[in-house]
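**Q** Shown below is the structure under consideration.
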Amino acid sequence: MPGAALSSLEMIRRLVGFDTTSRESNLALIGFVQDYLDGWGIASELVFDGERRKANLYATIGPADRSGILLSGHTDVVPVDGQAWDSDPFAIAEKEGCLFGRGTSDMKSFIAVSLALVPEFLERHLKTPVHLAFTYDEEVGCIGVRGLIAELKTRPVRPSACIVGEPTLMRPVVAHKGKRSLRCRVHGLESHSALAHEGVNAVEAAAEIVAFLKSMARRKRDQGPFDHGFSPPYTTVHTGVIQGGTALNIVPRDCSFDFEFRNIPQDDQEQLVSEVRRYAETMLLPEMHAVSRATGIQFEEMNAVDGLDIAPDHPLVQLTQTLTGANSVGKVSFCAEAGLYQDAEIPTVICGPGSIDVAHKANEYVALDQVRRCEAFMHRLMDHLAR
């Protein structure tokens, strides 16, 4: 017997009500979605993390022996800690034509519309299937989707195209920047600060590398290369966390810091990382080793996501423009799972309701008009897949 149909608004309320901050499990939400799909006779499967504390969900509506279009969204959200919300972030507040709540824009509304319209997808008896993929831990490095993609690669039938529903105001996006995050650990030699010449100051060595990274950032800002489809139109270099030292009168032995590159397609991630390593190895290590060979500098990769870059004249892009009615495409500086799907040879675009400008902030919201536009997009997609 069919399950109960839910409106997009009610589904958004349900999904936002689950606290799926990346540090938490997403299994309660995934269980709800699995039960909902099961109520409509749609089988779904889970791809768990190593601790079986989180899971991706994958399902197909329509003929299972054919490749179709994948609708992909991440279930996790960023923390609300320390943010000044005017309402409960995990309960929808409707005001002035907008729905406020954590994840309304990034990106539970896209998932909710996809699920709310499941009964209509079924009624259309699709000739080409639509696949659903709901992932975990996108916000902390696009972690969960990697396991799902690895599973899809083993299958004879997998999606032929993908639409990732990150917030783009329902405008097709054909490119996003890549991201490479690293941690640098500097190991120096401790000594009394009055005998600083006998030690190797790890904080100062780390600071020199950070300063070099800043010089790279300025060079990219001023000299490019540039791609004016992005904002900013160049590769950015950013240091976000640094820790080191114990007391002012002790030459610090250890210091570590985290930094990242967000690169446009014209810049190669490996070359960017190699430039920093080369500076550390040629300009700093010799001086450090002159005092003690036990000192050193290590770089540890924390996360890497290749950028998305699909040709504007690709059939998927043209289809997405037709479905949205948009006469142009865009590029975004934020990172997404789209680049990973593209790496797996699944052509991908980004298109979803809401604005990235309000994501990750207090009082995040999605406009009801955006929800309606997403519903219209899905109805046009049904028309296309039913032919």
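My numbering runs 491 ahead of the 1-based position in the sequence shown. Every residue gets a Cβ at the ideal spot worked out from N, C-alpha and C, and that includes glycine.
1) How long is the line joining the alpha carbons of GLN789 and GLY690, rounded to whole angstroms?
2) List the residues that DSSP assigns as beta-bridge partners of LYS618.
3) Applying the 10 Å Cβ sphere with the 16-neighbour rule, what's the burial state of ASN818?
4) For the candidate residues ILE837, GLY821, ALA666 and VAL732, whose alpha-carbon lies nearest to that of ALA827?
5) Ends of the beta strand (DSSP E) at HIS678?
6) If VAL820 and VAL636 are in contact, beta carbons under 8 Å, what's the gap, nearest whole angstrom?
7) Between the alpha carbons of MET492 and GLY522, how many angstroms are there, rounded?
8) Does the distance from the C-beta atom of SER846 to that of SER596 stay below 8 Å?
9) Rounded C-beta distance between ASN854 and GLY798? I'm assuming under 8 Å.
10) Report the rounded CA-to-CA distance for GLY592 versus LEU660, giving the unit in angstroms.
11) Distance check for ARG649 and ARG557, CA to CA, integer angstroms please.
12) Under the assumption that ILE533 contacts VAL621 (Cβ atoms under 8 Å), give the Cβ distance between them as a whole number of angstroms.
13) Any contact of the region 598-615 with the region 852-869, i.e. 3+ C-beta pairs under 8 Å?
14) Taking TYR832 as the reference, give the member of ALA582, ILE634 and ARG676 with the closest Cα.
15) What did DSSP end up calling GLN757 once you bin it into helix, strand or coil?
16) How should LYS586 be labelled, buried or exposed, when 16 other C-beta atoms within 10 angstroms of its C-beta is the threshold for buried?
17) In angstroms with no decimal places, state the Cα-to-Cα distance between ARG671 and GLU766.
18) If you follow the beta strand (DSSP E) that LEU660 is part of, which residue opens it and which one closes it?
19) Could you check which residue in ALA835, ARG744 and ALA624 has the C-alpha nearest to that of GLU536?
**A** This is what the structure holds:
1) 19 Å
2) In the DSSP output, where bridge partners are listed per residue, LYS618 has none listed.
3) Under this definition ASN818 is an exposed residue.
4) ALA666
5) 669-678
6) Not really, about 23 Å apart at Cβ, beyond 8 Å.
7) At MET492 the pLDDT is 42, less than 50, meaning the model places this residue with poor confidence; the figure from the coordinates comes in the next sentence. In this model, MET492 and GLY522 are separated by some 19 Å (Cα to Cα).
8) yes
9) Actually they are not in contact, since the Cβ atoms of ASN854 and GLY798 sit about 30 Å apart, beyond 8 Å.
10) 17 Å
11) 8 Å
12) So it is not a contact: roughly 11 Å between Cβ atoms.
13) yes
14) ILE634
15) Residue state, collapsed to three classes: coil.
16) Result: exposed.
17) 14 Å
18) Here LEU660 belongs to no beta strand (DSSP E), and DSSP marks it neither H nor E.
19) ALA624
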